[in-house]
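One gets this note's numbering by counting positions in the sequence shown from 1 and adding 206 to each. Built from N, CA and C at the ideal position, the CB exists for glycine as well. Just so we're clear, the structure is a prediction, and the values are computed from it rather than from any experiment. The structure under discussion appears below in the form of structure tokens.
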Amino acid sequence: MALYKDRHRELWNKCTNCGELVFKQALERNSYTCPNCDYYSPMPADGRLRYLFDSEAIFNLHPASIDRELLDTIRMADIVNQNRFPEESQWLASAGEGAVSNCPAILAVVAPYAVPQRVHFVTLLVAIRTALEKKLPFITVYPSDALAKKRSNPPEQPELSPTEITYLTIEMNHLSQARLPQITILTDQDRQTGFLTQFPLGDVVLAEQNRMSGSSADRRTHPSRGGSSETTSSSSSYTPADVSIDYYVQRQDLPARLGKLLAFFAK
Numbered sequence: 207m208a209l210y211k212d213r214h215r216e217l218w219n220k221c222t223n224c225g226e227l228v229f230k231q232a233l234e235r236n237s238y239t240c241p242n243c244d245y246y247s248p249m250p251a252d253g254r255l256r257y258l259f260d261s262e263a264i265f266n267l268h269p270a271s272i273d274r275e276l277l278d279t280i281r282m283a284d285i286v287n288q289n290r291f292p293e294e295s296q297w298l299a300s301a302g303e304g305a306v307s308n309c310p311a312i313l314a315v316v317a318p319y320a321v322p323q324r325v326h327f328v329t330l331l332v333a334i335r336t337a338l339e340k341k342l343p344f345i346t347v348y349p350s351d352a353l354a355k356k357r358s359n360p361p362e363q364p365e366l367s368p369t370e371i372t373y374l375t376i377e378m379n380h381l382s383q384a385r386l387p388q389i390t391i392l393t394d395q396d397r398q399t400g401f402l403t404q405f406p407l408g409d410v411v412l413a414e415q416n417r418m419s420g421s422s423a424d425r426r427t428h429p430s431r432g433g434s435s436e437t438t439s440s441s442s443s444y445t446p447a448d449v450s451i452d453y454y455v456q457r458q459d460l461p462a463r464l465g466k467l468l469a470f471f472a473k
């Protein structure tokens with residue numbers, strides 16, 4: 207019976223919006239959009255990376271498998287050597303170099319259900335410094351902090367600290383000084399708290415809506431640009447209470463929208 211239940215979980219996904227079971231392979235083929243209610247299910251970090259990049263030709267920047275020569279170039283060898291992450295930690299965060307709508311870029315994605323931990327700090331730091339070294343635009347994807355979280359393996363890995371968040375913010379400022387575009391995509395909006403993240407934001411902030419436009423299901427009315435959310439995440443005292451959104455975007459339109467932004471910045 208236990209084996210049957212495990213196999214059942216591998217094959218099916220329960221929509222968090224309508225509660226209907228969806229065949230996982232069908233969900234993946236449909237960009238993790240529920241065929242019953244058009245709701246966007248949380249997309250795994252590696253799946254999001256493949257979805258946004260033009261092809262599978264991605265240069266992996268995860269610290270568990272990154273090229274050692276690049277680590278020396280971006281002065282990250284010591285930090286990565288001090289933080290040995292197993293291969294399975296790649297579900298927590300993905301990062302890579304590739305092309306988005308024919309525009310080269312560095313992309314870093316935080317997994318939807320991951321507790322922010324040391325692996326996120328190191329992965330984002332590697333991606334930021336690679337973008338700075340190669341003079342490429344930097345794109346980040348952050349899910350809502352309000353999503354249910356599960357720890358990595360090993361579970362004793364420390365959670366992300368305010369000091370590490372500040373350090374990432376300082377590193378991203380180096381990209382600004384180098385006039386390199388920084389774009390953040392916020393996903394998996396919570397019905398109560400909206401878009402919340404403790405990670406540093408880019409110069410342009412996109413927010414992925416929760417379902418396809420034109421759906422007959424009720425949709426949340428989004429606040430205008432500059433509108434604030436008065437609710438903060440209960441799990442973190444340093445989560446920003448005010449997120450300014452530049453564009454609300456449908457999931458299927460994200461690659462094209464990013465391509466237009468990157469082409470604009472390249473002029």
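My guess is that residue i and residue j are in contact by the Cβ rule of under 8 angstroms, so how many angstroms apart are they, rounded?
{"i": "Thr346", "j": "Phe405", "result": "7 angstroms"}
{"i": "Ile334", "j": "Phe344", "result": "6 angstroms"}
{"i": "Leu217", "j": "Leu255", "result": "At roughly 23 angstroms, the Cβ-Cβ gap does not stay under 8 angstroms, so Leu217 and Leu255 are not in contact."}
{"i": "Lys341", "j": "Leu386", "result": "6 angstroms"}
{"i": "Asp260", "j": "Asn308", "result": "7 angstroms"}
{"i": "Val286", "j": "Leu276", "result": "Wrong, their Cβ atoms sit about 10 angstroms apart, outside the cutoff."}
{"i": "Asn223", "j": "Leu233", "result": "Not confirmed; about 13 angstroms, so no contact."}
Quick one, which of the options has its alpha-carbon nearest residue i's?
{"i": "Tyr246", "options": "Lys473, Leu255, Cys221 and Glu226", "result": "Cys221"}
{"i": "Thr399", "options": "Val449, Thr375 and Ser237", "result": "Val449"}
{"i": "Glu226", "options": "Cys243, Glu234 and Arg235", "result": "Cys243"}
{"i": "Gln296", "options": "Pro310, Ala320 and Asp278", "result": "Ala320"}
{"i": "Ile391", "options": "Asn379, Gly408 and Ile371", "result": "Gly408"}
{"i": "Val325", "options": "Leu258, Ile371 and Gln383", "result": "Ile371"}
{"i": "Leu374", "options": "Glu414, Leu330 and Asn223", "result": "Leu330"}
{"i": "Gln456", "options": "Lys473, Glu414 and His380", "result": "Glu414"}
{"i": "Pro364", "options": "Tyr238, Leu276, Pro322 and Arg281", "result": "Pro322"}
{"i": "Val316", "options": "Ser350, Asp278 and Asp452", "result": "Ser350"}
{"i": "Arg281", "options": "Asp396, Tyr454, Tyr257 and Val332", "result": "Val332"}
{"i": "Leu412", "options": "Glu377, Gln383 and Gly465", "result": "Gly465"}
{"i": "Ala311", "options": "Asp452, Leu258 and Asn219", "result": "Leu258"}
{"i": "Asp396", "options": "Val410, His380, Asn416 and Cys224", "result": "Asn416"}
{"i": "Asp394", "options": "Asn219, Val228 and Tyr238", "result": "Tyr238"}
{"i": "Met418", "options": "Ala384, Cys240, Ala462 and Gln383", "result": "Cys240"}
{"i": "Leu298", "options": "Leu338, Tyr348, Phe471 and Glu377", "result": "Tyr348"}
{"i": "Phe401", "options": "Ser367, Glu377, Asn379 and Tyr453", "result": "Tyr453"}
{"i": "Gln458", "options": "Asn236, Phe470, Glu377 and Leu467", "result": "Asn236"}
{"i": "Ser472", "options": "Gln388, Thr403 and Glu377", "result": "The question names Ser, yet the displayed sequence has Ala at residue 472. Closest option to Ala472, Cα to Cα, is Gln388."}
{"i": "Ile451", "options": "Val410, Ala462, Leu460 and Thr403", "result": "Val410"}
{"i": "Pro269", "options": "Ala469, Leu460, Met249 and Phe291", "result": "Phe291"}
{"i": "Thr336", "options": "Ala232, Ser367 and Leu381", "result": "Leu381"}
{"i": "Leu467", "options": "Asn223, Lys230 and Val306", "result": "Val306"}
{"i": "Gln383", "options": "Leu366, Ser367, Thr403 and Leu338", "result": "Leu338"}
By DSSP's criteria, residue i is part of a beta bridge. Which residues make up the other side?
{"i": "Val410", "result": "Ile389"}
{"i": "Leu227", "result": "Lys220"}
{"i": "Phe265", "result": "Glu303"}
{"i": "Val455", "result": "Glu414"}
{"i": "Glu194", "result": "Beyond the ends of the chain as shown, which are 207 and 473, falls residue 194; an answer cannot be given."}
{"i": "Tyr245", "result": "Arg417"}
{"i": "Asp396", "result": "Gly400"}
{"i": "Thr239", "result": "Tyr246"}
Determine, for residue i, whether the minimum Cβ-Cβ distance to residues of chain D falls below 8 angstroms.
{"i": "Met378", "result": "This model lacks chain D altogether; it includes just one protein chain."}
Practice problem: Indicate whether the contact test is met: 3 or more Cβ pairs, each with one atom in the region 302–309 and one in the region 258–266, closer than 8 angstroms. | Solution: yes
Quiz item: For the region 281–355, which segments carrying the beta strand (DSSP E) assignment without a break, of at least 3 residues, lie completely within its bounds, in sequence order?
Solution: 299–306, 309–316 and 344–349
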